[in-house]
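Trainee:
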Amino acid sequence: MWIDRPVCNAPSPWDLGQRPVNWREKSWLLPWTASAFAGIPQADAYGGYNPLFKVDRDPGPLTQALCWAHTRRKFFVLADIAANAKRGSKATPISPMALEAVKRIDALFDIEREINGLAADQRLERRRKDSQSLVEELHGWLQTERAKLSRSSPVAEAIDYMLKRWDGFMSFLDDGWICLTNNAAERALRGFALGRKSWLFAGSDRGADCAALMATLIMSAKLNDVDPQVWVADVLARIVDTPIISLEQLLPWNWQPPKSRRGQAA
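Take any residue in the sequence shown, note its place counting from 1, add 248, and you have its number in my numbering.
#1: Among A485, I353, S401 and G295, which has the Cα closest to the Cα of T429?
#2: Taking all protein chains shown into account, do 16 or more other C-beta atoms lie within 10 angstroms of the C-beta of W271, making it buried, or fewer, making it exposed?
#3: Where do the ends of the alpha helix (DSSP H) carrying L461 lie?
#4: Comparing alpha-carbon positions, which option in G388, G365, Q370 and I359 lies nearest S379?
#5: For a minimum of 4 consecutive residues, which ranges assigned as the alpha helix (DSSP H) are wholly contained in the region 347-392?
#6: Ignore the nearest five residues each way along the sequence and tell me which others in N298's own chain have a CB closer than 8 Å to its CB.
#7: In the DSSP assignment, find the unbroken alpha helix (DSSP H) run with R435 in it and report its ends.
#8: Helix, strand or coil: which one does DSSP assign to A291?
#9: Using a Cβ-Cβ cutoff of less than 8 Å, which residues in the same chain neighbour R374 once the five nearest sequence positions on both sides are dropped?
#10: Check L212 in the structure and name its three-state DSSP category.
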C-alpha cells in the first residue's frame, strides 16, 4: 500500500491509497514515471524511487525532497540516553557527535513548528531567513566531522546518508510547499502496519483494489474531520436516489451530517 497525501496545508482534501500491482517490476511507480507527471515527491531514500530522478526521464527528472525525520533518526539511535540506560551492561557509549547532530537538526524542527500553518510563501521566507544558515553550518560541520571518522563508524554511516543525498535534503529551502518530513504520510500508513496480520491476504487482485479504494474513502473522511462510519452509512443510504450531477455533494469535503441537513431544511 502506498499513499498520496497533501502536504503542508495543501488544499487537496483527499488521501489516495493504492496497492502495488507488481512490486518486483515496480509498476506501482507508473503514476509518477508517466511523462505527464511533474511534481516533487517527498519520501525517504528508498532506492525504488531512483527512476523518478534520472536525468534521462522524459520530460525531465522530478525534484527530490527527502525526509529530515529519517536522517535525524539515524543519529538519534546513537545518542538516545534513555534507551541506552535500559540496556544496562549491554549499553553502547553515547556518541557526542551524533548528539550534536541531533541538536542541530532539532533547531530546524523548532523553526518548522513556529511556521506550521502559514502560507507557503511565508514559510519559504522564514526558512531562507533562519533555516538556510543553519543548514549551511550543518553541512560544513558534517564534512569536517566525517573526515575524522573511519569508514566502519556508525556515525559515519549516518553522516554519509545525508551528504550523499544533500540536494534532496536542501529542497525545502527552495519551495514553501515542501515539508521538512513526510511524517504525515507515515502516520496515515501506521494503521496498515498495526493491522497487517488481519488483512495480510486480499484474496485476489480485485480484492486488493477494493481494499485500496476503501482505504482512500476512509482516510479522506478522516482528513476532513468526518466520522468514516457515519459518512459511509449515510452515503450508502442516499447514493441511489442522488442524481449524478449531485454526487459531488457526497464527497467527504462537501458532505454534511444528517443533523445539519435537517437543520437547514427547517
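Each residue gets a CB set at the ideal place from its N, CA and C atoms; glycine is no exception. Treat the numbers as computed from the prediction; the structure is a model and nothing was measured.
Mentor: So, from the listed chains and residues:
#1: Sequence index remark: in the sequence shown, residue 429 carries index 181 (1-based). With distances taken between Cα atoms, T429 lies closest to I353.
#2: Sequence index remark: in the sequence shown, residue 271 carries index 23 (1-based). Residue placement at W271 is flagged as unreliable, the pLDDT there being 40, under the threshold of 50; the coordinate-derived value follows with that caveat. When all chains shown are included, W271 counts as exposed.
#3: The residue labelled residue 461 in the question sits at position 213 within the sequence shown. Where L461 is concerned, the enclosing alpha helix (DSSP H) stretches over D453 to L471.
#4: Locating residue 379 in the sequence shown gives position 131, where the first residue counts as 1. Of the candidates G388, G365, Q370 and I359, the one whose C-alpha sits nearest the C-alpha of S379 is I359.
#5: 368-374
#6: As a position in the sequence shown, residue 298 is number 50, starting the count at 1. Nothing listed; no residue qualifies.
#7: Numbered from 1 along the sequence shown, position 187 holds the residue referred to as residue 435. Its alpha helix (DSSP H) spans residues N431 to L442.
#8: One-based indexing of the sequence shown puts residue 291 at position 43. Here A291 sits in strand by DSSP.
#9: Along the sequence shown, one-based indexing puts residue 374 at 126. Taken in chain order, the residues that qualify are I359, E362, I363 and L366.
#10: As shown, the chain starts at 249 and ends at 514. That puts residue 212 outside it, with no answer to give.
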